[in-house]
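One structure below.
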Amino acid sequence: IAHYWSRSRNALWKKGETSGNFQQVVEMRTDCDQDAIWLRVKVLGHDATCHTGRRSCFYRTVGLNDGKATLAGDGSRPLFDAEETYRKPV
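Taking the working numbering, the leading residue of the sequence shown gets 200, the next gets one more, and so forth.
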(Lines of atoms letter the chains of each structure in order from A and count residues from 1; the text may use other names and numbers.)
(Lines give C-alpha, C1' and ligand atoms only; values in the text may rest on other atoms or scores of the structure.)
Protein backbone atom coordinates (compact mmCIF):
# COMPACT_ATOMS: atom_id res chain seq x y z
CA ILE A 1 0.00 0.00 0.00
CA ALA A 2 1.39 3.42 -0.96
CA HIS A 3 2.46 5.81 1.78
CA TYR A 4 3.22 9.51 1.27
CA TRP A 5 4.85 12.32 3.20
CA SER A 6 2.44 15.15 4.01
CA ARG A 7 4.12 18.52 4.41
CA SER A 8 0.94 20.03 5.88
CA ARG A 9 0.65 17.29 8.52
CA ASN A 10 4.41 16.85 8.84
CA ALA A 11 3.79 13.11 8.93
CA LEU A 12 3.83 9.93 6.88
CA TRP A 13 0.33 8.75 5.91
CA LYS A 14 -1.16 5.69 4.25
CA LYS A 15 -3.18 6.57 1.16
CA GLY A 16 -6.76 5.45 1.79
CA GLU A 17 -6.75 5.59 5.61
CA THR A 18 -9.75 7.94 5.63
CA SER A 19 -11.45 7.31 2.27
CA GLY A 20 -10.88 3.59 1.85
CA ASN A 21 -9.33 4.30 -1.58
CA PHE A 22 -6.04 2.51 -1.00
CA GLN A 23 -3.29 2.38 -3.61
CA GLN A 24 -1.71 -1.04 -4.03
CA VAL A 25 1.77 -0.51 -5.50
CA VAL A 26 2.21 -2.46 -8.75
CA GLU A 27 5.49 -0.92 -9.94
CA MET A 28 7.99 1.70 -8.74
CA ARG A 29 10.55 3.57 -10.82
CA THR A 30 13.01 6.33 -10.11
CA ASP A 31 14.45 9.02 -12.36
CA CYS A 32 18.10 9.21 -13.45
CA ASP A 33 19.06 11.40 -10.45
CA GLN A 34 17.12 9.18 -8.05
CA ASP A 35 15.39 12.23 -6.57
CA ALA A 36 11.88 11.41 -7.78
CA ILE A 37 9.77 8.25 -7.61
CA TRP A 38 6.99 7.20 -10.00
CA LEU A 39 4.42 4.69 -8.78
CA ARG A 40 2.01 2.61 -10.82
CA VAL A 41 -0.81 1.59 -8.53
CA LYS A 42 -4.02 -0.40 -8.49
CA VAL A 43 -6.70 1.66 -6.80
CA LEU A 44 -8.83 -0.20 -4.28
CA GLY A 45 -12.19 1.23 -3.18
CA HIS A 46 -14.15 3.71 -5.31
CA ASP A 47 -11.42 3.76 -8.01
CA ALA A 48 -10.69 7.35 -6.98
CA THR A 49 -7.35 8.69 -5.76
CA CYS A 50 -7.97 12.42 -5.36
CA HIS A 51 -9.38 14.01 -2.21
CA THR A 52 -11.90 15.76 -4.49
CA GLY A 53 -13.44 12.35 -5.26
CA ARG A 54 -12.04 12.15 -8.79
CA ARG A 55 -10.11 9.20 -10.22
CA SER A 56 -6.94 11.31 -10.50
CA CYS A 57 -5.59 14.51 -8.98
CA PHE A 58 -4.60 15.56 -12.51
CA TYR A 59 -8.07 16.61 -13.71
CA ARG A 60 -7.14 20.13 -14.82
CA THR A 61 -5.60 20.96 -18.16
CA VAL A 62 -3.07 23.77 -18.49
CA GLY A 63 -3.25 25.97 -21.56
CA LEU A 64 -1.69 29.19 -22.76
CA ASN A 65 -3.65 32.29 -23.71
CA ASP A 66 -1.65 35.35 -24.77
CA GLY A 67 1.37 33.94 -22.96
CA LYS A 68 -0.53 33.38 -19.71
CA ALA A 69 -1.28 29.99 -18.19
CA THR A 70 -4.94 29.02 -17.93
CA LEU A 71 -6.58 26.14 -16.08
CA ALA A 72 -9.62 24.20 -17.22
CA GLY A 73 -11.29 21.06 -15.94
CA ASP A 74 -11.17 17.98 -18.14
CA GLY A 75 -14.84 17.18 -17.54
CA SER A 76 -14.23 14.36 -15.08
CA ARG A 77 -16.73 14.10 -12.25
CA PRO A 78 -16.18 12.93 -8.67
CA LEU A 79 -16.79 9.22 -8.08
CA PHE A 80 -17.71 9.77 -4.42
CA ASP A 81 -18.89 12.60 -2.18
CA ALA A 82 -15.63 13.97 -0.77
CA GLU A 83 -17.34 16.18 1.83
CA GLU A 84 -19.22 13.18 3.22
CA THR A 85 -16.16 10.93 3.16
CA TYR A 86 -13.82 13.40 4.85
CA ARG A 87 -16.32 14.99 7.25
CA LYS A 88 -14.83 15.16 10.73
CA PRO A 89 -16.97 13.63 13.48
CA VAL A 90 -18.62 16.18 15.74
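Beta carbons: idealized from backbone N, C-alpha and C, even for Gly.
- Ranked by how close their Cα comes to the Cα of Asp273, the residues Gly215, Arg253, Gln223 have Arg253 in first place.
- Here Asn220 is buried. Its C-beta has 16 or more other C-beta atoms within 10 Å.
- Annotation: Ala281 is outside any beta strand (DSSP E); the continuous alpha helix (DSSP H) that includes it extends over 281-284.
- In the DSSP secondary-structure assignment, Thr260 is bridged to Ala271.
- Counted as a single uninterrupted DSSP element, the beta strand (DSSP E) harbouring Glu226 occupies residues 222-229.
- Put simply, of Thr251, Val261, Lys267 the residue whose alpha carbon is nearest the alpha carbon of Glu282 is Thr251.
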